[in-house]
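Asks:
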Amino acid sequence: MLKVEHIGIAVASLAESVPLFEKLLNTPCYKREKVESEQVETAFFLQGDTKLELLEATGPDSAIAKFVAKKGVGLHHIAFEVADIEAEMQRLAGEGFTLLQDRPKVGADNKLICFLHPKDTNGVLVELCQERK
Ligand code: CMX
Numbered sequence: 001m002l003k004v005e006h007i008g009i010a011v012a013s014l015a016e017s018v019p020l021f022e023k024l025l026n027t028p029c030y031k032r033e034k035v036e037s038e039q040v041e042t043a044f045f046l047q048g049d050t051k052l053e054l055l056e057a058t059g060p061d062s063a064i065a066k067f068v069a070k071k072g073v074g075l076h077h078i079a080f081e082v083a084d085i086e087a088e089m090q091r092l093a094g095e096g097f098t099l100l101q102d103r104p105k106v107g108a109d110n111k112l113i114c115f116l117h118p119k120d121t122n123g124v125l126v127e128l129c130q131e132r133k
């Protein structure tokens with residue numbers, strides 16, 4: 001894994017949380033994007049080299065809707081950038097981690113992504129991501 005690519009934060013309402021994080025970070029949200037396949041809308045912030053992704057559910061079946069209903073708003077996942085996502089998925093599966101996808105899927109921010117089940121990672125939802133070419 002190369003570095004932490006972003007930190008995902010589940011929110012109930014981007015309309016409320018984007019201005020909150022703009023105040024907190026003293027920097028504007030630089031991008032918003034809907035990801036239909038994940039039933040989420042995202043808002044991105046950059047603080048130095050660190051990227052934050054706010055996520056609001058856009059449908060009841062969204063992982064974010066279920067997370068917010070069960071645990072409330074807050075830290076949702078840590079995403080690691082990898083050079084070769086398929087090789088990294090194979091390596092992690094070989095190490096006994098449960099992959100939540102068989103193949104990388106297209107996520108927000110022009111990335112190929114794959115999640116690991118949090119039961120294998122001390123309760124932290126981990127995302128692998130690789131820039132799409
Ligand atoms: N972090 C830590 N634990 C989490 C979690 C998260 N983000 N989301 C769910 N869990 C926990 C649940 O609370 C549950 O814990 P307990 O067993 O102690 O009750 C456990 O994981 C398994 O829960 P589950 O009921 O079996 O499964 P869920 O329906 O809650 O789904 C998960 C959990 C991780 C499999 C599902 O959320 C998933 O597939 N996530 C990956 C996709 C995703 O998160 N998409 C949204 C972001 C998209 C983006 O970044 O663009």
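Residues in the sequence shown are numbered from 1 upward in steps of one, following UniProt numbering. C-beta: ideal position from N, C-alpha, C; glycine also.
From glutamate 86 to proline 60, what does the alpha carbon distance come to, in whole angstroms?
Replies: When rounded, the distance between both Cα atoms is 30 angstroms.
Asks: So, valine 40 versus isoleucine 7, is the Cβ gap smaller than 8 angstroms?
Replies: The answer is no: Cβ separation not under 8 angstroms.
Asks: Which same chain residues, not among the five before or five after lysine 34, have their C-beta less than 7 angstroms away from its C-beta?
Replies: Result list for lysine 34: Glu41, Thr58, in chain order.
Asks: Residue range of the beta strand (DSSP E) that lysine 40 falls in?
Replies: Note that residue 40 is valine in the sequence shown here, rather than lysine. Where valine 40 is concerned, the enclosing beta strand (DSSP E) stretches over 40 to 47.
Asks: Provide the residue span of the beta strand (DSSP E) that contains glutamate 86, from first to last.
Replies: Counting along the chain, glutamate 86 falls outside any beta strand (DSSP E), though it belongs to the alpha helix (DSSP H) covering 85 to 94.
Asks: Kindly indicate which three-state DSSP category leucine 55 falls into: helix, strand or coil?
Replies: DSSP places leucine 55 in strand when its eight states are reduced to three.
Asks: Could you check whether alanine 79 and leucine 2 sit closer than 8 angstroms to each other, using their CB atoms as the reference points?
Replies: Cβ atoms of leucine 2 and alanine 79: not closer than 8 angstroms.
Asks: When burial is assigned at 16 or more other CB atoms within 10 Å of the CB, is glutamate 88 buried or exposed?
Replies: Answer is buried; the Cβ neighbour count reaches 16.
Asks: In whole angstroms, give me the CA-to-CA distance for lysine 133 and serine 62.
Replies: Using only the alpha carbons, I get a separation of about 27 angstroms.
Asks: Grab me the residues of glutamine 47's own chain with a C-beta within less than 8 angstroms of its C-beta, minus the 5 sequence neighbours each way, in chain order.
Replies: These residues qualify, in order along the chain: Leu25, Thr27.
Asks: Is proline 118 near ligand 1, judged by its Cβ being under 7 angstroms from some heavy atom?
Replies: It does: the Cβ of proline 118 is within 7 angstroms (strictly closer) of some heavy atom of ligand 1.
Asks: Identify, in the order they occur along the chain, each residue of the same chain with its Cβ nearer than 6 angstroms to the Cβ of arginine 32, setting aside the five sequence neighbours on each side.
Replies: Closer than 6 angstroms at Cβ, skipping near neighbours: Ala43.
Asks: Compute the distance between the beta-carbons of cysteine 114 and glutamate 81, then report whether it is under 8 angstroms.
Replies: It is not a contact, given that the beta carbons lie outside the stated cut-off.
Asks: Would glutamate 16 pass as an interface residue toward chain C - the criterion being a Cβ-Cβ separation below 8 angstroms?
Replies: The chain inventory of the structure shown lacks chain C, comprising one protein chain alone.
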